[in-house]
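So the structure is just underneath, and the comments pick up after that.
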Amino acid sequence: MMSDMVHSTEQMGGAGLEMADGRSLRRLLDGVAALAHGLHHGTVLPHIVETAVDLVEARYGALGLYDRRTGACRPAVAACAGRGLIEAATAPAAVHEVLRTVARDAAPLRGQHLGARPALAVLGVPIVVRTEVLGSVCLVEKRTAVAFSDVDEELVATLVAAAVPAIEVAGLQAGLRGWTRSRDAVPGS
């Protein structure tokens, strides 16, 4: 239940990236450098998810594409720590809910998803291109702590912000919107 979550801006202490350790900053810079070196359109989204999972030591991550018309935000790509990319359709219901809420509200979300059993630590960050929400990233279950921190949130938000030009350059915005519309038109999808 999303009522068990709060938008992280309501609870952030403002620690920011200055509290991140050197290893986390190195992983962030490596992820951003890969984006700057021109990943092609088929690898940008998987790179964002895999880098985010590694960056904040999550067990699972998904990137969803937002359909403003229906309010849906379906996972397009997912990754599992130690296993790499996995089938996005296997995303738990809690992930769908976080992806949709973060995209709809265009605001980060962090905390415990108490509607899931057992409760899951979750972190969600919107992907905003100019003023339009393209989708969101959801990370679940921090491997090294009970919950995600405000530093984790800022690391992922920075990665996503750095990815926006790569998404635009790769022409994903229009292509993904067309893909989403055509997928939505297929019965049973």
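Here the sequence shown stands for residues 733 to 921, numbered as in the numbering used here.
By construction, the Cβ of each residue, glycine as well, lies at the ideal position given by its N, Cα and C atoms.
What you are looking at is a predicted structure, and each value in this text was computed from that prediction instead of being measured.
Query	Result
Below 8 Å on the Cβ atoms is my guess for ALA784 versus VAL865; work out the distance and round it to an integer in Å.	17 Å between Cβ atoms; not a contact.
Answer yes or no: do PRO824 and GLU885 have a C-beta to C-beta separation smaller than 7 Å?	no
Put GLY847 into one of helix, strand or coil per three-state DSSP.	coil
Can you name the residues that DSSP bridges to SER881?	DSSP, once it has assigned bridges, lists no residue as partnering SER881.
Quick one: Cα of ILE818 to Cα of THR863, how far?	30 Å
Figure out for me which residue from ALA821, VAL857, LEU887, ILE780 has the closest Cα to the Cα of VAL830.	VAL857
Determine the direct distance from the alpha carbon of ALA808 to that of ILE899, and round the result to whole angstroms.	14 Å
Tell me the DSSP bridge mates of GLU900?	Answer is none; GLU900 lacks a bridge partner.
To the nearest whole angstrom, what separates the beta carbons of ALA835 and GLY793, a pair I think is in contact under 8 Å?	Rounded, the Cβ-Cβ distance is 15 Å, inconsistent with contact.
Report yes if the C-beta distance between GLU789 and ARG875 is below 7 Å; otherwise report no.	yes
Give the straight-line distance between the Cα atoms of ARG806 and ASP753, rounded to the nearest whole angstrom.	33 Å
Which residues in the same chain have their Cβ closer than 6 Å to the Cβ of GLY763, if we skip the five residues on either side of it in sequence?	THR783, LEU891
If I'm right that ARG759 touches LEU787 with Cβ under 8 Å, what's the distance once you round it to whole angstroms?	5 Å
Return the first residue and the last residue of the beta strand (DSSP E) that ARG791 is part of.	790-799
If ALA894 and LEU852 are in contact, beta carbons under 8 Å, what's the gap, nearest whole angstrom?	The pair is not a contact, with the Cβ atoms about 27 Å apart (cut-off 8 Å).
Of the choices ALA804, GLY814, HIS779, whose alpha-carbon is the least far from that of ARG791?	GLY814
Along the chain, where does the beta strand (DSSP E) containing ARG806 start, and where does it finish?	804-812
Between the C-alpha atoms of GLY847 and HIS828, what's the straight-line distance to the nearest angstrom?	13 Å
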